Amino acid sequence: MPDTAIPDSTGLPGTAAYTPTERTVPTRSRERASYDKETVHSILDEAYLCHLGFVRDGAPVVLPTLFGRVGERLYVHGSTGSRPLRATAAGDPGLAVCLTVTHVDGLVLARSAFHHSMNYRSVVVHGTARTVTDPEERRIALDAIVDQVVPGRSQDSRPADAKELAATAVIRLDLDEVSAKIRTGGPNDDAADLALPYWAGVVPLARSYGTPVPSDDLDPAVPVPDYLGTL
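Read left to right, the sequence shown gives residues 2 to 232 (my numbering).
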């Protein structure tokens, strides 16, 4: 998604990296952590799904959901009756959340069971989610969520009407306390295991798209959009 419309949470020019905090510095494999904004944005923009974690009635809850990025803000939408979305409108405190995104790029098979792993790219965002009430920001956010799934789709579909907007809540999470973590390469077998007769290496995983299947009730005269051919 482009870094447009809302450049960051302050309106001031941003820096090239996020500032590490106690919550964003991993306790293990610190060399895999990155705070580079371009890296973080690329991981977020390639994802369809995020997981939104928060505490409800004293217990942890994690919800898979769609999201969109606009500059230095992430947006999530849902029903106005949803408990977490209601909580973000409860006042200044908002709702403390942790949002994560992960891509699995390969299965790392080692000679020992202990050293099996995955190659991955992940982002973790800590912060306070708040309800978006400004109509223009809501429009930008909802378009971004649609375009996160298929770029360009928001301009090729009917916008939400007044009734649908009234039933939809949008929350915002600023990208302030953020880190990425990335693993690449092969297995890290112990030297004593290198002569063992077990296959070791990486099984790459790649995202792929099938041929678009039209809806049963689609007018045959409506062509497949050009942007679907670029997926």
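Even glycine gets a Cβ: it sits at the ideal position worked out from N, Cα and C. These numbers come from a predicted model, not from an experiment.
Can you name, in chain order, every residue of its own chain whose Cβ lies under 7 Å from the Cβ of residue i, other than the five neighbours on each side?
i             : result
glutamate 47  : His104
methionine 2  : Its pLDDT being 43, under 50, methionine 2 is placed unreliably by the model, and the measurement read from it follows with that caveat. So the list reads Asp46, Gly69, Arg70, Val71, Ala145, Asp148 and Gln149, once near-sequence residues are dropped.
threonine 81  : Ala168, Thr169 and Ala170
glycine 12    : Low per-residue confidence applies at glycine 12: pLDDT is 41, beneath 50, and the placement is therefore not dependable, though the value from the model is reported in the following sentence. Nothing listed; no residue qualifies.
threonine 185 : Asn120
valine 102    : Ile44, Leu45, Ala48, Cys51, Ser123 and Val124
aspartate 157 : Pro226
glycine 153   : Tyr228
Below 7 Å between beta carbons: does that hold for residue i and residue j?
i                 : j             : result
valine 171        : tyrosine 76   : yes
aspartate 190     : alanine 111   : yes
valine 124        : isoleucine 44 : yes
valine 126        : leucine 100   : yes
phenylalanine 113 : aspartate 194 : A small correction: the amino acid at residue 113 is serine; phenylalanine does not occupy that position in the sequence shown. Yes. Within cutoff.
proline 215       : leucine 229   : no
glycine 95        : alanine 130   : yes
Note down, in chain order, each residue of its chain lying with its Cβ closer than 6 Å to the Cβ of residue i, except the 5 sequence neighbours on either side.
i             : result
threonine 5   : At threonine 5 the pLDDT is 37, less than 50, meaning the model places this residue with poor confidence; the figure from the coordinates comes in the next sentence. Excluding positions up to five away in sequence, the list is empty.
threonine 169 : His78
proline 188   : Val109, Ala111, His116 and Ala201
leucine 64    : Leu53
aspartate 227 : none
proline 205   : Gly107
arginine 122  : Ile44, His104 and Ile183
leucine 67    : Ile146
glutamate 34  : Note that residue 34 corresponds to alanine in the displayed sequence, not to glutamate. Same-chain partners within the cutoff: Pro27, Ser180 and Lys182.
aspartate 135 : none
serine 118    : Val109
Hey, is residue i's beta-carbon within less than 7 Å of any beta-carbon in chain C?
i          : result
serine 155 : In the structure shown, chain C does not exist; there is a single protein chain.
Within a Cβ cutoff of 8 Å, which residues of the same chain sit near residue i, ignoring the five residues on either side of it in sequence?
i           : result
alanine 161 : Leu143 and Thr169
tyrosine 36 : Ala18, Tyr19, Thr20, Pro21, Thr25, Val179, Ser180 and Ala181
tyrosine 49 : Leu67, Gln149 and Val150
alanine 222 : none
Quickly, what does DSSP pair residue i with across the bridge? List them, please.
i           : result
proline 61  : Val56
leucine 67  : Leu50
alanine 34  : Lys182
valine 102  : Val124
leucine 219 : Partner(s): none; leucine 219 has no beta bridge.
The ligand PLP and residue i: does any heavy atom of the ligand fall closer than 6 Å to the residue's C-beta?
i              : result
asparagine 120 : Inclusion of the ligand PLP in the displayed structure is not the case, the ligand content being empty and no account of it being possible.
Unbroken alpha helix (DSSP H) runs of length 4 or more, entirely within the region 158-214: which are they?
Runs of the alpha helix (DSSP H) lying entirely within the region 158-214 and spanning at least 4 residues, in chain order: 163-167.
Segments assigned beta strand (DSSP E), at least 3 residues, entirely inside the region 105-156
Runs of the beta strand (DSSP E) lying entirely within the region 105-156 and spanning at least 3 residues, in chain order: 118-132.
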